[in-house]
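One structure is given here, and the rest of the page talks about it.
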Amino acid sequence: MPSPDPPDDPLAGLPTNFVLGMERAMRLLEEIAAGKDVVVAIAERRRALDELLDGVDTVHALGALIRSEVALDPESYSESETPGSSYVVEMTAAALLARSARAPNGARVLDGAFTTQVREVTGDACFLESLRRALGAGSPVSGVSAARGRAAAQDLMLRAPGWVWQEHETLRGLFGEERFEARLRAEVGLGVDEAIACADGWVVEAGGWAADRLANALADDRAFGPGHPVYDWADSHVGGPWRDQPIEQQAQFLPMVWAWSTEGEALVLTPERLASASGVSVEHARCYLEALSLKLGEATDIDWFQATDMVRWKPFIDLGGGEYMPTVPGNDLWALRSLFESVVKGKSYAKHRGSWLEQRAAGLLAGVLRPTQDVRNAYIVDATGSRIGEVDAILQLDDTVICVEAKSATMRPSARRGGDALRGFLAENFTKAVEQSARARAAVLDGRLVDEAGRPIALAGHVREVHTVAVTLDDLSAVAPVVWQLEGTELLAAGSAPPWVLTLHELEQVCATTEWPAQLILFLRRRARLNELARHLASDELDWWMHFLNRGLYFEDEDAAARVRFASLTGPLDAWMLYERGLRETPAPKSRMPLDDRSRAALTRLDARRPDGWMLASVALMSGAGTAMADIWDAIEEAVPRAQSRQKVQRLRFEFQDHPWPIVLVAMVVPDQGRYELGAHLDDALAQRVAESPDVDVVVLGFLHDTTVRSIRVARAQTTD
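The sequence shown runs 755 to 1475 under my numbering.
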């Protein structure tokens, strides 16, 4: 009798890192469910790591882990598939900082088996610590506790919330003014540009240093055998029958084993070496390394994860004698903002930081949207004329408005770790952003806006649609993609309509991949609907943006009871970004919506001409799911010759049930002989459809002898807010 088919693997086809994470989570949760205390389980992993590191040189251990966990190939990098994790290096460095010296290199080859064991131990400990913090935050079913748990996990596991070039611009914008540069030079010893040069210079050169070390070992023409440094190293470190191999073969493979096991030596920095790689003075390089380094023995009596935090913000280890070992290449760039803020902190800087973020965020959106009206720093007034709030920027397109609010506050380390301070930070920033969003929306619709001088601000025409966007400097990914989980808590009142919350670096990437202004408006509609559906989870806002570009964000037909978790969707975006910056040679296409070419042509024409109602008409042309728009264009193409041959107007009617924005789309194809009556035909069709469907948006498109949109008429639903 044939054996039954095995059950379907629920993890089949999912991204590798997602699968590995789920498998680890299930294994460790079983361990805890069986009675193991979380703290005890973490301590066991720390002892296991110490045993793995026993006798291993600090520099060699970190070099091996940098190679396995951090070295990324831009040609193949994928967040969902690349196995390396920076936290593995950070947690190992934290353990090594408990030593008072480098320690001699024991008789061990630091090969793939070593790095795999370290990755397994630190990965377990990282998950267990995230679990401990989540459990300490309270009930897992509480929205606030869930946010604290996610913050704890992300704090441990995720790094670099953006690309290096984005952080370059941010650092220059925040600290580049002379009043701040002068303080940095006085207290740190260098300015912004020198610091950026240091952060970039050695990372670019590091790969070459390691390659040169191997090449030099292979090119060593000394007789291979006892007395040769590589042979002597292998004699004390490498087991197995290698001595039985011909000396010529030993001379070929042993230098590679040696180079891999001691690769960290190639990465050791001195002020002179950093200066040469970065093009700065030796003194600037020395100040840079001193400001961002920890000394061996500095974490002797410190909690493992507290020490890991220290490594993140000071990512070099001072080995003594003017030598420094990096931990995670690139972490020094992301540590600069915190270092600089500790120097220039104060009201003057805080005001500048907020103003810079306002201008940067509003400028990005204005550049993409090309609004008909761009108002900065508007004030909200009540019925008596008293000011009760402010809107950083108001961008109007047709009858649609986007209100922009900048939130530049810096999160405390304890808040990043998911501590109770996160609740306070969210109350001060997220909750206030929600309240400001509601006030801004009402003020725009009611016409209660004034400028600095108290003069009324008049927006063009009648505004029917308002969206709010809150842009942050600090990462709120623990909350932003799943704000619906906070509804009904002290942080988000039931029935609230939160703004779209994203970081500046996320906004930059969204703007870089936006084709038409109406595309962003449609996204904001669908993104707000996700908060209402309250069942979809993602890791950050770029995942939602990429889902929108690739597949849309229409989930009305799904099982309302089922929660859906999305793995990372940003791989194509990452590849395109790397290619655009010249860091990847393999071409990577720019992600865009899978629209019919006829829709693209119509959208481009509408955006260029911008007749009355162009925004709503453009949104309608992107609202069809799957092949719906292609089918609509096919129907229009069939109607064009029919109208000409019959000399009769052809009417086509389509409906999009896009809650809460249903649309009726009417296509009117008029024979060429009736071209002068096209407007009248559109007016009649609009009036008829509005009478039939007053509670939906109506868009009427006019065509003549081809599929070029000649004219439009639109009417907003009478119930549209």
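Even glycine gets a Cβ: it sits at the ideal position worked out from N, Cα and C.
Residue interval of the beta strand (DSSP E) (run including residue i)
i: W1254; result: 1254-1257
i: E1409; result: 1404-1410
i: L1375; result: That residue, L1375, is in no beta strand (DSSP E); its alpha helix (DSSP H) goes 1368-1375.
i: G1456; result: 1451-1457
i: I1001; result: Looking at the DSSP string, I1001 is not in any beta strand (DSSP E); the run it does join, the alpha helix (DSSP H), is 1001-1015.
i: A1224; result: 1219-1226
i: S1030; result: Note, S1030: premise wrong, no beta strand (DSSP E); alpha helix (DSSP H) at 1025-1032.
i: E1077; result: 1077-1080
Contact check, residue i vs residue j, beta carbons under 8 Å
i: A906; j: G1172; result: yes
i: V863; j: V1011; result: yes
i: A1039; j: P1025; result: yes
i: S1285; j: W1238; result: Checking the displayed sequence, the identity of residue 1285 turns out to be Asn instead of Ser. Yes. Within cutoff.
i: V1463; j: R1354; result: no
i: G1018; j: G817; result: yes
i: V1373; j: T1268; result: no
i: D753; j: A1120; result: Given a span of 755 to 1475 for the chain in the structure shown, any question on residue 753 remains unanswerable.
i: A1137; j: A1187; result: no
i: T1461; j: I1390; result: yes
i: R1352; j: R1317; result: no
i: A1162; j: G1108; result: Per the sequence shown, the amino acid found at residue 1162 is Ser instead of Ala. Cβ atoms of S1162 and G1108: closer than 8 Å.
i: E935; j: V942; result: no
i: D1052; j: L806; result: With the sequence shown as reference, residue 1052 is identified as Glu, and Asp is not the correct amino acid for it. Contact: no.
Contact set for residue i: own chain, Cβ-Cβ below 7 Å, skip 5 residues either direction
i: I1386; result: G1378, F1408
i: R1170; result: A905, D909
i: A1292; result: P1235, W1298, F1320
i: H1459; result: V1394, Q1398, D1426
i: P1271; result: V1122, L1123, R1124, L1151, D1361
i: I950; result: H922, L925
i: T738; result: Outside the displayed span of the chain (755 to 1475) sits residue 738, for which this structure offers no information.
i: G1033; result: A951, G955
i: S1047; result: K1068, F1070, I1071, D1072, Y1078
DSSP three-state assignment for residue i, whether helix, strand or coil
i: H814; result: helix
i: R1335; result: coil
i: P983; result: helix
i: R1359; result: helix
i: E1245; result: Going by the sequence as given, residue 1245 is Leu instead of Glu. In the structure shown, L1245 sits in coil (DSSP, three-state: anything other than H, G, I, E or B).
i: Y841; result: helix
i: G1215; result: coil
i: F1070; result: strand
i: I1466; result: strand
i: L851; result: coil
i: R1319; result: strand
i: W1299; result: helix
i: L826; result: coil
i: P1365; result: coil
i: L1291; result: strand
i: L1327; result: helix
i: P1210; result: strand
i: L1048; result: strand
i: V1233; result: coil
Run of the alpha helix (DSSP H) containing residue i, from where it starts to where it stops
i: G961; result: 946-973
i: T870; result: 866-890
i: L1043; result: 1036-1045
i: I1275; result: 1271-1287
i: D909; result: 897-911
i: G993; result: Looking at the DSSP string, G993 is not in any alpha helix (DSSP H), and its letter there is neither H nor E.
i: P1167; result: 1167-1170
i: R799; result: 792-807
i: M780; result: 770-787
i: T924; result: 918-929
i: L938; result: 932-941
Same chain, Cβ closer than 8 Å to residue i, neighbours up to 5 away in sequence not counted
i: V1468; result: D1366, G1367, L1370, A1371, L1440, D1451, V1452, V1453, V1454
i: R886; result: V792, V793, I796
i: I1001; result: F978, G979
i: P760; result: Residue placement at P760 is flagged as unreliable, the pLDDT there being 48, under the threshold of 50; the coordinate-derived value follows with that caveat. So no residue of the chain qualifies.
Spatial neighbours of residue i in its chain, beta-carbon cut-off 6 Å, leaving aside the 5 residues before and after
i: F1302; result: F1277
i: F772; result: A1321
What alpha helix (DSSP H) runs, 4 residues minimum, are completely inside the stretch 1180-1207? The qualifying runs are 1186-1200.
What are the start and end residues of each continuous alpha helix (DSSP H) run of 4 or more residues lying completely inside the stretch 1092-1165, in chain order? Within the stretch 1092-1165, the complete alpha helix (DSSP H) runs of at least 4 residues are 1101-1123.
For a minimum of 3 consecutive residues, which ranges assigned as the beta strand (DSSP E) are wholly contained in the stretch 1389-1443? The stretch 1389-1443 contains these whole beta strand (DSSP E) runs: 1404-1410, 1417-1423.
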